[in-house]
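Input: a single structure, listed below in structure tokens.
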Amino acid sequence: MPERTAVADALRTETVGGILLLLAAIAALIWANTPVRESYEALRDFHVGPAALGLDLSVEHWAADGLLAVFFFVAGIELKRELVAGDLKDPRAAALPVVAALCGMAAPALVYTLVAVAGGGSLAGWAVPTATDIAFALAVLAVLGTSLPSALRAFLLTLAVVDDLFAILIIAVFFTDDLDFAALGGAVAGLAVFHLLLRKGVRGWYVYVPLALVVWGLMYNSGIHATVAGVAMGLMLRCTTREDEEHSPGERVAHLVRPLSAGLAVPLFALLSAGVAVSGGALGDVFRRPETLGVVLGLVVGKAVGIFGGTWLTVRFTKASLSDDLAWPDVFAVASLAGIGFTVSLLIGELAFTDDPALTDGVKAAVLTGSLLATVLSGVLLRMRNAKYRRLWEDEERDEDLSGVPDVYEQDDPAYHLRMAEIYERKAAEHRRLAEVTGGAGEEHGGPA
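For the sequence shown, the numbering used here puts the final residue at 446, and the numbers step up evenly by one.
Next up, the structure:
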């Protein structure tokens, strides 16, 4: 149906996905801070699922462990495409965003640790401010950076994908409690079957979807966060085209699944995770408790300093170089934009403080506060850079002599200057005529001669 196609195409755009994410977060905040907040908590805590399979989970856990697996599946495909055909294919080109991503995770963790130690707080949340929200960051860039160089988007995308990969590794390594090796072995075996079917060229969603659900269930029961299953399956898809193919399997699958991720999975996760009670006192606590203050400063300060500093040091002391289309203020604007932690930061916050619901809510409020501050700061910087590039674009496209060639490329052509002289002479003659006409009209009405 044309309507369904139009909706799906809209959901594939970064702008629409980011807007839905934002609306879901706002809806959650409103719902959780109104007299009907009990209904929000009841929905979030409602349990459903087969207990015999170890999947009797709350709706909130289904969103964090199940729906986000879809998001990470798409992120895995995106990362695979970058590795084999994108900016990560060339190690020299990938060096800057990769180093920037690593420094952009280390610096926020260090900022959080310093603040927590100084204030006597818990170190459990060190990983909360390390993650960047791809969907949100790219949506902000798409809305505010209409005239920015395409190299800036490529830099942010590569940085965010690497950031997400290491965020997944952090979840798998540091937030896994007790391992069930039987379930883990089953999940690995399922992934091996998944990979074998892909290598054999087997096609059909009715084969892969049930298998993916089994792998996901086993991964969840193994003790490793279930989103790891999503990114692992995404990385297995082939993202290079063969002679008889117009699009690779990875591109086709990502094209089909992205609307589900952007239109359902991520917004629902935000709706069920971002609903924290916010009041004047609660917001004040964000800046008083060391854990929450560490999260805010990690996102706003740590991300910007880490990404910008890592990029500058890499260019300064290695053979890596910044794209000719970019300037250092562009890099700082994107570094500030990467402070939008939202989706993955909320997830890590839940995992880090599972035994302290009050602190979990405080950390969620800190993530929202830090992400909002990063959005405002980066928005101002991006608008300034966008205005400059728009002026440059207008200068490059200006063709006052109507020759079909932009004026900027004709500055050394005498014929161009002669044509411009004729244009200005005609304009001057017209202004003299108008002066005579308006002067005559003034005399008729008794005005000054």
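The beta-carbon is built from N, C-alpha and C at its ideal position, and this holds for glycine as well.
State the start and end residues of the unbroken alpha helix (DSSP H) segment that holds residue i.
i    : result
P326 : W325 to L334
L188 : F178 to K197
F163 : S147 to F171
L64  : Where L64 is concerned, there is no enclosing alpha helix (DSSP H), given that its DSSP letter is neither H nor E.
N383 : P354 to E394
V263 : V263 to S270
K300 : K300 to F314
F339 : F339 to A349
What separation, rounded to the nearest whole angstrom, lies between the Cα atoms of residue i and residue j?
i    : j    : result
I221 : I168 : 8 Å
R380 : A134 : 14 Å
A330 : V45  : 43 Å
R395 : R388 : 10 Å
L153 : N218 : 34 Å
W309 : T315 : 10 Å
A412 : K385 : 30 Å
L54  : D177 : 18 Å
V13  : R255 : 12 Å
E79  : L210 : 26 Å
I27  : G272 : 8 Å
F350 : A363 : 13 Å
K424 : E433 : 14 Å
V137 : D241 : 37 Å
A355 : G15  : 28 Å
A446 : G436 : Confidence at A446 is low in this model, with a pLDDT of 46, below 50, so its placement is unreliable and no value can be given for it.
A72  : T224 : 11 Å
V206 : M216 : 15 Å
D175 : W390 : 57 Å
Whose C-beta lies closer than 6 Å to the C-beta of residue i among residues of the same chain, with five residues either side of it excluded?
i    : result
A128 : A164, G338, V341 and S342
A92  : A317
A60  : L265, F266 and L269
G116 : P287
L296 : P126, G336, G338, G367 and A371
I74  : G231, L234, G247 and A251
F284 : L290
Is residue i near the ligand SAH, judged by its Cβ being under 7 Å from some heavy atom?
i    : result
V199 : Among the components modelled here there is no ligand, and therefore nothing to report on the ligand SAH.
Checking 8 Å against the spacing of the C-beta atoms, do residue i and residue j come in under that value?
i    : j    : result
S119 : E347 : no
L374 : S333 : yes
V56  : F43  : yes
P461 : L156 : The question about residue 461 has no answer, for the chain in this structure spans -2 to 446.
Note down, in chain order, each residue of its chain lying with its Cβ closer than 7 Å to the Cβ of residue i, except the 5 sequence neighbours on either side.
i    : result
V112 : P287, L290, G291 and L294
F305 : V328, F329 and A332
Going by beta carbon distance, what residues of the same chain come within less than 8 Å of residue i, once the five residues before and after it are set aside?
i   : result
L99 : V159, F163 and G307
- prompt: For the region 257 to 268 against the region 61 to 69, are there 3 or more C-beta pairs whose distance is under 8 Å?
  reply: Short answer: they touch.
- request: Would you be able to state if there are at least three C-beta pairs under 8 Å between the region 12 to 29 and the region 179 to 186?
  value: no
message: Three or more C-beta pairs under 8 Å: does that hold for the region 222 to 240 against the region 187 to 197?
response: yes
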